[in-house]
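Letter by letter, the sequence shown follows residues 7 to 246 in our numbering.
From the three backbone atoms N, C-alpha and C, an ideal C-beta is built for every residue, glycine too.
Everything on this sheet refers to the single structure shown next.
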Amino acid sequence: MEKCVGCLTPLQTGFFSKAEELSDSTYLCDPCSEKVRSAFKNMDLGNLVYFKGYTSFQVQELLVKEAQFQWFLRELAKTYHLTVSDTAMVTKLFTALADGESTVHAAGALYGNKRGILLATNRRLMFVGANSQIKLPESIDYKEIASADFILINNQIKITTPETTLFFSGIMNQPEKFCSKIKQQIDQINNKGQGETRPFQNTNESSLFDILERLGNFRQNGIITDEEFAEQKSKLLERL
Ligand SMILES: [Zn+2]
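See the structure below:
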């Protein structure tokens, strides 16, 4: 009895079989054929109807790709509350991923007035615009980023490189957290903060200011002297 090379289900082959024969005389069942077709569609590899020219190995690779793509799509939609209405955008991001490159954060965002998806991986920052004619997402390696800042007033993420400054706004999903994740990746790439974790620099800074504010209140209420306040203040500011 022949088995489907995709799912190993036993097949009725022969004259009445609906399974497709591959170039190495193996067979593929109907549901697996559908998956391979959708892999072709998702990966923008053209529109394939018959697989006769493919070996079972090539078909299995495509099935793995399709499974990875579906997983990536689900992860973006579920983990980052992303409305993935435009799968063309997600496809571009997915096909751009290198081996071992994984998602760190993602969100719908505006670059200028261009709506798209901003994706942070463990290697770089990628942006893909809706209805963009560009085949690949625009991307920037963490190594090239001098700083990433969250601007609370405009709710923007500001990315500075030696050459340019980029602003991403309209970020739906936790923009401040997104920015701190980018910072974390930049730090890791630059081997800064290894061992010593500094994922939430913003939080540290704001808590320093909280302490300063409290010390200020202490001084006003006569709990500490002006000298004590000045001493504590300079100590705190050194930590920034
Ligand atoms: Zn199958």
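Close beta carbons around L247, own chain, < 8 Å, minus the five adjacent residues each side: An answer regarding residue 247 cannot be provided, because it is not within the stretch 7 to 246 covered by the chain.
Backbone secondary structure at L103 - three-state DSSP: As a first step, residue 103 must be located in the sequence shown, where it is residue number 97. It is coil, neither helix nor strand.
Test item: CB-CB of A152 and M132 under 8 Å: Along the sequence shown, read from residue 1 onward, the residue named residue 152 stands at position 146. Along the sequence shown, read from residue 1 onward, the residue named residue 132 stands at position 126. No, these two residues do not count as a Cβ contact at 8 Å.
L99 beta carbon near ligand 1 (any heavy atom closer than 7 Å): Working through the sequence shown from its first residue, we reach residue 99 at position 93. Shortest gap from the CB of L99 to any heavy atom of ligand 1: 7 Å or more.
Every unbroken beta strand (DSSP E) within the stretch 143-206, with a cutoff of 3 residues, ordered by chain: Entirely contained in the stretch 143-206, the beta strand (DSSP E) runs reaching 3 residues are, in chain order, 144-147, 153-157, 162-166 and 171-175.
Identified DSSP bridge partners for G114: Start at 1 with the first residue of the sequence shown, and residue 114 comes out as number 108. In the DSSP output, where bridge partners are listed per residue, G114 has I123.
Range covered by the alpha helix (DSSP H) that runs through L69: Looking up residue 69 in the sequence shown gives position 63. Here the alpha helix (DSSP H) through L69 covers S62 to T85.
Minimum C-alpha distance to S145 - residue among M178, N119, L172 and L158: By one-based count along the sequence shown, residue 145 stands at place 139. Here the closest residue by C-alpha is L172.
Residue environment, E233, which counts as buried when at least 16 other CB atoms sit within 10 Å: Taking the sequence shown and counting its residues from 1, the one referred to as residue 233 is at position 227. E233 should be labelled exposed.
Simplified DSSP assignment, three categories, for R129: For the purposes of this step, residue 129 is taken as the residue at position 123 of the sequence shown. Note: R129 maps to coil in three-state DSSP.
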